[in-house]
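Undergrad:
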Amino acid sequence: MAPTLRVPRKFERGGTGFLPTFGPSFINLYGSPREYSDMPNKYEALNLGKGDGAAYRGRVLLEVRTELLTDPVANEVRAIDSDSIARVQKSLRRRRFRVNAAFLSATMIPGEKDSPIQFEVSVGNYGNILDDSVPPCASTTPPTNPIYDGVAYSYLPWGENKPCCLLEAQWEDITYRMYAVNMLLKAADRLTNSITRVQLSVANDLPLEQQARDVINALDQFILDCSMELPESDIEQSPPNELDKYIRLLRDGQLKALHDQAVHLRNTAEDIDQALQQMIFYRDSILGLAVEPQLSFPDVIIWMLSGSKRSAYCRIPAHDVLYHPNPTYAGRFCGVPQTLCFVKPKLEEENDEKYLRSPVMVRAIVWVGLDKYYQAWNEVQVEAKTQIVAETYENQGKILNKWVTTKPPLTRPAWSDASGKKELKKESFNPPPGWRWDGDWFVDPEISVLYQKDTNQTSFVEDVYVNESRTPNGNWEPAQIPYSDAYGEPKPAPEKTELKDDWTWEGDWEVDKDRLCDEDGWEYAQTSTDTNFMPTEKNYLMFRRKRMIRKRVKGEVGMPVKQAEQRLALLVSLMFDSPLHVVR
1 MAPTLRVPRK FERGGTGFLP TFGPSFINLY GSPREYSDMP NKYEALNLGK
51 GDGAAYRGRV LLEVRTELLT DPVANEVRAI DSDSIARVQK SLRRRRFRVN
101 AAFLSATMIP GEKDSPIQFE VSVGNYGNIL DDSVPPCAST TPPTNPIYDG
151 VAYSYLPWGE NKPCCLLEAQ WEDITYRMYA VNMLLKAADR LTNSITRVQL
201 SVANDLPLEQ QARDVINALD QFILDCSMEL PESDIEQSPP NELDKYIRLL
251 RDGQLKALHD QAVHLRNTAE DIDQALQQMI FYRDSILGLA VEPQLSFPDV
301 IIWMLSGSKR SAYCRIPAHD VLYHPNPTYA GRFCGVPQTL CFVKPKLEEE
351 NDEKYLRSPV MVRAIVWVGL DKYYQAWNEV QVEAKTQIVA ETYENQGKIL
401 NKWVTTKPPL TRPAWSDASG KKELKKESFN PPPGWRWDGD WFVDPEISVL
451 YQKDTNQTSF VEDVYVNESR TPNGNWEPAQ IPYSDAYGEP KPAPEKTELK
501 DDWTWEGDWE VDKDRLCDED GWEYAQTSTD TNFMPTEKNY LMFRRKRMIR
551 KRVKGEVGMP VKQAEQRLAL LVSLMFDSPL HVVR
């Protein structure tokens, strides 16, 4: 965590600049992912500034002042006087913000994934499911098993029901700084688009009149942008400090100068190339004015959680998705669908090649705004209906072929949240004031289990486990469940396995020996419920199984696979973080 202050250019010839100053304002610190693990992690080097910070780790309240002295002063550390503390307190008042994220799709997940995937939205500590210092909130999407697309990627099958996340956070209100940045960035974007249009006109050798018309239109829009007033702070916001006042004077002066120069250029320009170079200079000047070193509002960070591991993230500057009733001051991507390309945490010394492939591409709508503007978020969802539900997960463990809700074998409460850390009984839910229940509790199976394993596949390996058991000093005989899947659920015998429509067998049934087993394909365990098998026979091992496989292929490549019938199902996995499968 090595923050760098980006202060705009302030030293100008003629004594019109100002001495370095900053704050009082917070500086946010970003570092390694917060896994709260006792095991060492290579990404801890991110806390030392050896790469881009991936997670919010804290913040520092800082003030910098520069004074010109006639006599040298010894370096020393002094206590902060009470007047300075009282002055800073005015800047620490907090206001309530809302953060909303609607996930439209999650695609281009490389390969086939075995772990459920969910996304976590956080701003600072708010929304982080590992942080218990802030109130809990609906900051994560439901865990969903990825579905292979049949080519090279997987996706999350959200269908028509898109998950949404909602956070309530309290931060200092420095939105007037972000509004000013948004106004300048939008002006720079419009000018960039105009420059591109003029460049295309020149490259395509359009008539000189058309090129001149494009230049005039671009300058007219830029003159209008330079005439707009910068946002003012109000009494409810954190009071502006010295640097805010200096930056305001700098921006007002520069915008006035750019306005006058653009008016002069519009009236006197005779050469298209010269006008184009001037517009590029104007654009760069606006981008320089948009530098704001005191953006103390933390970034919106979206993490992709694979199983229980944080595997990739996306950082969104809060001002880019900040809402304001005046579109001029709103963020460029506030309340509109945007494509988010996630990245994996990376150290500076690591090779870039293995990080070139994006771990996931997400389409999402992100919105940040003051609590008083929350109704505007609902107005954004013109093509969707928001549904708010209370959810709890019923957990069971299997022992002696019976499903139970006791500990052991259960390692979490019988009714809990998705993570299994918080007990959530159905009777403990109470609607908030002004709300009422709309119906009774119902089972909502995880979406991906409605897809078969061979969905989007052109070839698939069917497998059946042959199970045998014995008594001490007895012979091996067919087990109580002679044929099953990998999880012990009954299946038909290999010769009775029905071929699905549009599929054909390729080869015969054979024993899968390309695994940890003996030369005949058997693997051994104490009981049929064990999950740890060994490849050698022991006297105390009373259960064995071997895997029979047979490949089937699509009759016509590209034909859709019939989906599983949508009916009540039980979702089963070996561990709570393992992939789920259906038991009818």
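Residues in the sequence shown are numbered from 1 upward in steps of one, following the UniProt record's numbering. Backbone N, C-alpha and C fix where the C-beta goes; we use that ideal spot for every residue, glycine too.
1. Which of the three DSSP states is assigned to leucine 322 in this structure?
2. Measuring only the C-alpha atoms, how far is valine 77 from lysine 372?
3. Report the option in Glu427, Leu69, Ser227 and Ser91 whose CA atom is closest to the CA atom of asparagine 241.
4. Sorted by chain position, which residues of the same chain lie with C-beta nearer than 6 Å to leucine 166's C-beta, five sequence neighbours on each side aside?
5. In the DSSP assignment, find the unbroken alpha helix (DSSP H) run with tyrosine 282 in it and report its ends.
6. If you reduce the DSSP assignment to three classes, tell me which class alanine 169 lands in.
7. Based on the DSSP secondary-structure assignment, which residues constitute the bridge partners of tyrosine 524?
8. Using 8 Å for Cβ pairs, my map puts alanine 262 next to leucine 219. What's the rounded Cβ distance?
9. Please report how far the alpha carbon of leucine 156 lies from the alpha carbon of leucine 265, in whole angstroms.
10. For serine 227, report the span of its alpha helix (DSSP H) as first-last.
11. Looking only at its own chain, which residues have a Cβ that is under 6 Å from the Cβ of glutamate 63, when we skip the five neighbours before and after it?
12. Whole angstroms is fine: what's the gap from threonine 196's alpha carbon to alanine 74's?
13. Going by C-alpha to C-alpha distance, which of Tyr329, Arg544 and Gly288 sits closest to leucine 258?
14. Take the Cβ of tyrosine 355 as the centre, count every other Cβ of all protein chains shown within 10 Å, and call the residue buried at 16 or more, exposed below.
15. Compare the beta carbon distance of arginine 544 and glutamate 510 with 8 Å and say whether it is the shorter of the two.
16. Check whether the Cβ atoms of phenylalanine 97 and valine 368 lie closer than 8 Å to each other.
17. Quick one: measure Cβ to Cβ for serine 306 and lysine 113, integer angstroms, because I've assumed they're closer than 8 Å.
18. Name the DSSP bridge partner or partners of leucine 370?
19. What is the DSSP secondary structure of asparagine 28, reduced to helix, strand or coil?
20. Below 8 Å, how does it come out for the stretch 395-408 and the stretch 348-362: are there three or more Cβ pairs, yes or no?
21. Buried or exposed, going by whether 16 or more other CB atoms sit within 10 Å of the CB of phenylalanine 281?
22. Using beta-carbon positions only, say whether phenylalanine 104 and proline 337 come within less than 8 Å of one another.
23. If alanine 318 sits next to methionine 178, beta carbons under 8 Å apart, how far is it from one beta carbon to the other, in whole angstroms?
24. Which whole runs of the beta strand (DSSP E) in the stretch 103-185 are 3 residues long or more, in chain order?
25. Comparing alpha-carbon positions, which option in Glu292, Lys513, Arg310 and Gln89 lies nearest threonine 140?
26. Look at methionine 534 and aspartate 463 and say whether their C-beta atoms are less than 8 Å apart.
27. What do you get for arginine 93, buried or exposed, if any count of 16 or more other CB atoms within 10 angstroms of its CB means buried?
28. Per DSSP, what are the beta-bridge partners of proline 490 in this structure?
29. If you count every other CB in all the chains shown that lies within 10 Å of the CB of aspartate 132, and 16 or more means buried, which is it?
30. When you compare the CB positions of glutamate 506 and arginine 552, do they come within less than 8 Å of one another, or not?
31. Here's the rule: buried if 16 or more other CB atoms are within 10 angstroms of the residue's CB, otherwise exposed. What is glycine 555?
32. Of all the options Leu29, Tyr329, Trp303 and Glu350, which has the alpha carbon lying nearest to the alpha carbon of valine 121?
TA: If we stick to the structure as given:
1. strand
2. 43 Å
3. Ser91
4. Asn100 and Ala138
5. 272-289
6. strand
7. Met534 and Arg544
8. 5 Å
9. 53 Å
10. 208-227
11. Gly23 and Pro24
12. 55 Å
13. Gly288
14. exposed
15. no
16. yes
17. 7 Å
18. Phe97
19. strand
20. no
21. exposed
22. According to the sequence shown, residue 104 is leucine rather than phenylalanine. Yes, the pair counts as a contact, with Cβ atoms nearer than the cut-off.
23. 7 Å
24. 117-123, 153-155 and 164-172
25. Arg310
26. no
27. exposed
28. Ser484
29. exposed
30. yes
31. exposed
32. Trp303
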